[in-house]
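The structure under discussion appears below in the form of structure tokens.
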Amino acid sequence: MVLALVAAYLLPIICLMVFIGYENKKYLVYLLWGSLASIPVVLLTWFVAPSFPAETDLTVSMYPLIEEFFKALPIIVPALIGIKNRDEDLLFYAMAAGIGFSLIENLWLIFPAVSDPSPGILLWVLARSFSTSLMHGCTCGIIGYGIVLIRNFDRAALPVLLFGFYTLAVTTHAIFNLLLLDSSGNPGIIIDIIFPIVLFFFLRTCYHTDVPSLFRNGNAT
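Quick note on numbering that gives the first Met the number 0: the sequence shown kicks off at 0 and runs consecutively.
Quick look at the structure:
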């Protein structure tokens, strides 16, 4: 079972390196922040949990709201004060923050399961670690993409526009959690894995496409 724990911690970092690539050491700052962001999330969760009698209510409504806010702070704050990053760097940093958060989340979600010696536990740990780490990175990446799209707007409109992309990230996170709750057996595991992979490649395509210019060209014709 020690192997299961090692896999749960190494897999998110491997995903980050494989899907995004290594450009500079700055990603470590965002990875660290994502890990630290779990502290206020856990504290707030303990505080509000008694108000939600059903675990489904917490998983689908409250958890995504709290987690997406704290994960995205290191990319939202620079945008609000006027600091700009390259589009590809922004995706990289957003993914690092989300995956950093998943490292700590795996500790208290997966650790109780590794004491179970049943045959399929390692496969479950690998699937859970991969899917949730990539999902956390992608939802943070959604907010980052919002920054890419709206950075040329009037600065007074940035908070409202960012809130819109934050809402989209929260909704995507809630859908993933709902699918996870409804999962049963191998088909459920497959859905949990496919969902964040498709989301990631969709996001990466968006980051590498100048969407505003497409609309300008369409208007010109």
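Ideal placement from N, C-alpha and C gives every residue a C-beta, glycine not left out.
Computed from a predicted structure; not experimentally measured.
Under 7 Å between C-beta atoms of residue i and residue j
i      : j      : result
Ile192 : Ala168 : no
Pro73  : Ala95  : no
Gly163 : Leu89  : no
Pro195 : Ser130 : yes
Glu67  : Thr138 : yes
Tyr165 : Phe91  : no
Ile98  : Pro39  : no
Val59  : Ala173 : yes
Ile146 : Leu160 : no
Leu30  : Ile65  : no
Alpha-carbon spacing of residue i relative to residue j, whole angstroms
i      : j      : result
Ser37  : Glu104 : 7 Å
Val28  : Ser101 : 15 Å
Phe152 : Glu87  : 20 Å
Phe200 : Asn84  : 21 Å
Tyr206 : Pro77  : 18 Å
Ala48  : Leu178 : 21 Å
Phe175 : Met61  : 14 Å
Ser183 : Ile190 : With a pLDDT of 49 at Ser183, under the threshold of 50, the predicted position of this residue should be treated as unreliable, though the coordinate-derived value follows. If you take the alpha carbons of Ser183 and Ile190, they lie about 10 Å apart.
Arg203 : Val197 : 10 Å
Ser34  : Trp107 : 13 Å
Ala71  : Leu122 : 30 Å
Ile80  : Ser50  : 35 Å
Thr208 : Ala156 : 23 Å
Leu133 : Phe46  : 27 Å
Ile75  : Leu125 : 31 Å
Leu57  : Ile82  : 34 Å
Pro158 : Ser128 : 32 Å
Arg154 : Phe69  : 22 Å
Ala93  : His135 : 9 Å
Closer than 6 Å: residue i CB and nearest the ligand FMN heavy atom
i     : result
Leu72 : In the structure shown, the ligand FMN is absent, as is every other ligand, since no ligand is present at all.
Interface flag, residue i vs chain B, CB-CB below 7 Å
i      : result
Ile142 : Any reference to chain B falls outside this structure, which holds one protein chain only.
Worksheet entry | Completely contained beta strand (DSSP E) runs for the segment 16-92, where each covers 3 or more residues | With a minimum length of 3 residues, no continuous beta strand (DSSP E) run stays inside the segment 16-92.
Item to complete: Mind listing, in chain order, the continuous alpha helix (DSSP H) runs of no fewer than 4 residues lying wholly within the segment 113-178?
Response: Annotation: the segment 113-178 contains the following complete segments of the alpha helix (DSSP H) (minimum length 4 residues), in chain order: 120-149.
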